[in-house]
Amino acid sequence: MPFKVAIVGTGIFATDAHLPALLKSEYFTPYSCFNRTRAKAEKFAKVAGISKIYNSMEEAFEDPEVDIVDALLPVQYNLAAVRLAVKHKKSLCFEKPVAANMKQAKEIVRLTKENPNLIIAIGENWSYLKAVPAMKEAISKIGKIYSFTYQSTGQFHFDGKYLNTSWRLHPEHIGGYLSDGGVHQLALLTGVLGKVKKVNAHTKQVRQLSGDDDILYSLLEMDSGLIGTFTYGSAFGNAEKRGMFEVMGDNGSVSFDFGPGHLEHLTLRVGGSTSHSESYTKEIDIEGEDRTPLSEFTALGKALTTGDKSTIVATPEVVYHHLAVIDAALKSSAKDGESVLVMQ
Numbered sequence: 000m001p002f003k004v005a006i007v008g009t010g011i012f013a014t015d016a017h018l019p020a021l022l023k024s025e026y027f028t029p030y031s032c033f034n035r036t037r038a039k040a041e042k043f044a045k046v047a048g049i050s051k052i053y054n055s056m057e058e059a060f061e062d063p064e065v066d067i068v069d070a071l072l073p074v075q076y077n078l079a080a081v082r083l084a085v086k087h088k089k090s091l092c093f094e095k096p097v098a099a100n101m102k103q104a105k106e107i108v109r110l111t112k113e114n115p116n117l118i119i120a121i122g123e124n125w126s127y128l129k130a131v132p133a134m135k136e137a138i139s140k141i142g143k144i145y146s147f148t149y150q151s152t153g154q155f156h157f158d159g160k161y162l163n164t165s166w167r168l169h170p171e172h173i174g175g176y177l178s179d180g181g182v183h184q185l186a187l188l189t190g191v192l193g194k195v196k197k198v199n200a201h202t203k204q205v206r207q208l209s210g211d212d213d214i215l216y217s218l219l220e221m222d223s224g225l226i227g228t229f230t231y232g233s234a235f236g237n238a239e240k241r242g243m244f245e246v247m248g249d250n251g252s253v254s255f256d257f258g259p260g261h262l263e264h265l266t267l268r269v270g271g272s273t274s275h276s277e278s279y280t281k282e283i284d285i286e287g288e289d290r291t292p293l294s295e296f297t298a299l300g301k302a303l304t305t306g307d308k309s310t311i312v313a314t315p316e317v318v319y320h321h322l323a324v325i326d327a328a329l330k331s332s333a334k335d336g337e338s339v340l341v342m343q
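Numbering-wise, the sequence shown is residues 0 to 343 according to numbering that gives the first Met the number 0.
Have a look at this one:
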């Protein structure tokens with residue numbers, strides 16, 4: 000039988016992204032819901048075909064019929080959801096970023112480690128992109144790697160459906176949009192190249208509507224010794240939306256163009272290690288890439304079915320690092336670009 004899901008927080012993303020993924024998943028069925036605004040919960044319940052609505056968030060965790068709680072809350076409430084999961088021994092998934100600040104993030108990691116029998120996962124679908132293993136395989140063919148360039152930039156959209164949510168207009172989470180969207184980019188970057196060791200960065204705020212700094216230009220040094228640039232921001236004027244990740248070695252390069260309208264594929268260029276080495280270029284298609292939450296729910300469903308949590312890539316400890324990189328970047332910018340070690 001599919002696992003019964005209680006959806007806590009029934010806003011735009013719950014309706015437009017999580018609900019379709021849950022309905023498509025072979026592992027889950029929407030069972031109940033809660034929202035602080037009762038009318039929103041009732042509207043969601045009608046769309047989802049749900050008859051059970053709670054009067055409090057804790058009721059979702061107390062319900063013995065519920066197998067897992069899917070929490071889509073303003074990020075500052077993630078810790079409260081984790082505490083309820085621990086209290087009631089209930090499996091939980093919740094949306095990225097892991098927390099509003101590093102103190103909360105550390106507490107979530109601590110609680111997760113102290114309760115190893117609980118399944119606690121973060122909804123970070125970029126951790127499950129097929130581009131991650133595809134890039135790692137391609138990189139193995141370009142010799143010793145030395146550097147990378149990562150860029151995700153674009154135009155500010157005043158009609159964005161998430162723009163006017165109060166928790167984004169007045170963010171309690173560090174960096175506002177930089178942590179809200181930047182952790183996606185870091186899930187891809189670190190999934191391919193490993194952890195970031197230190198950051199030199201400059202950040203600025205372009206849009207008052209962003210609520211905080213919204214563009215980031217930085218130099219990263221990885222634990223492996225690789226160096227590279229990381230640029231993120233979608234607060235500019237009329238500009239083409241671009242997404243490019245390129246890794247360079249002594250015998251070639253691998254580039255991934257993930258901008259809108261581009262086919263999901265990598266470009267592998269091999270050669271250059273010596274004056275006589277063979278050189279060639281190969282396009283590698285990434286078949287069936289899924290950027291919806293379905294990939295993370297599939298991994299979660301397998302873990303719940305088998306008890307093997309290794310299918311869950313976006314653990315609290317992993318996504319803690321993504322937020323820690325943003326935290327280091329903000330601290331570096333406040334120190335005029337000085338090197339800042341990423342908090343462990």
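We put the beta carbon where it would ideally sit given N, CA and C, even for glycine.
| Taking just the CA atoms, how far does Ile285 sit from Pro115? | 34 angstroms
| task | For my contact list, Ala47 and Leu18 are in at a C-beta cut-off of 8 angstroms; report their separation, rounded to the angstrom. | result | 6 angstroms
| query | Near His169, which residues of its chain fall below 7 angstroms by C-beta distance, leaving aside the five closest residues on each side in sequence? | reply | Gly210
| said: Please report the straight-line C-alpha distance between Met344 and Thr228, rounded to a whole angstrom. | reply: Nothing in the structure corresponds to residue 344, since the chain is present only between 0 and 343.
| said: Is it the case that the segment 194 to 211 contacts the segment 334 to 341, given that we only count it when at least three CB pairs across the two stretches are under 8 angstroms? | reply: yes
| task | Could you work out which residue in Leu91, Trp125, Ala38 is closest to Ala59 when comparing CA atoms only? | result | Leu91
| query | What's the gap between the Cα of Lys51 and the Cα of Ala13? | reply | 16 angstroms
| request: Measure the alpha-carbon distance for Lys39 versus Asp335 and round it to whole angstroms. | output: 44 angstroms
| message | Excluding the 5 residues flanking Trp166 on each side, which residues of the same chain have their C-beta closer than 6 angstroms to its C-beta? | response | Pro73
| Where do the N-terminal and C-terminal ends of the beta strand (DSSP E) with Gln154 fall, by residue? | 144 to 154
| said: On the DSSP bridge list, what partners appear for Phe12? | reply: Looking at the DSSP assignment, Phe12 forms no beta bridge with any residue, so it has no partner.
| request: Counting only the same chain and skipping the five closest in sequence on each side, list residues whose C-beta sits under 6 angstroms from that of Glu94. | output: Leu71, Gly122
| field | Separation of Tyr161 from Ser151, as counted between CA atoms | value | 19 angstroms
| request: Tell me the start and end of each unbroken beta strand (DSSP E) in the segment 201 to 227 that is at least 3 residues and wholly inside, in chain order. | output: 214 to 221
| message | Less than 8 angstroms between the beta carbons of Gly248 and Ile144, yes or no? | response | yes
| query | Which residues bound the alpha helix (DSSP H) around Leu265? | reply | It is not in any alpha helix (DSSP H) - Leu265 instead sits in the beta strand (DSSP E) that spans 264 to 269.
| field | Touching by the beta-carbon criterion (3+ pairs, under 8 angstroms), the segment 211 to 221 and the segment 230 to 238 | value | yes
| said: Assuming contact is defined by CB atoms lying nearer than 8 angstroms, are Ala234 and Ile173 in contact in what I supplied? | reply: no
| task | Verify whether the separation of the beta carbon atoms of His201 and Ser332 is less than 8 angstroms. | result | yes
| query | CB Phe2 to CB Gly258, shorter than 8 angstroms? | reply | no
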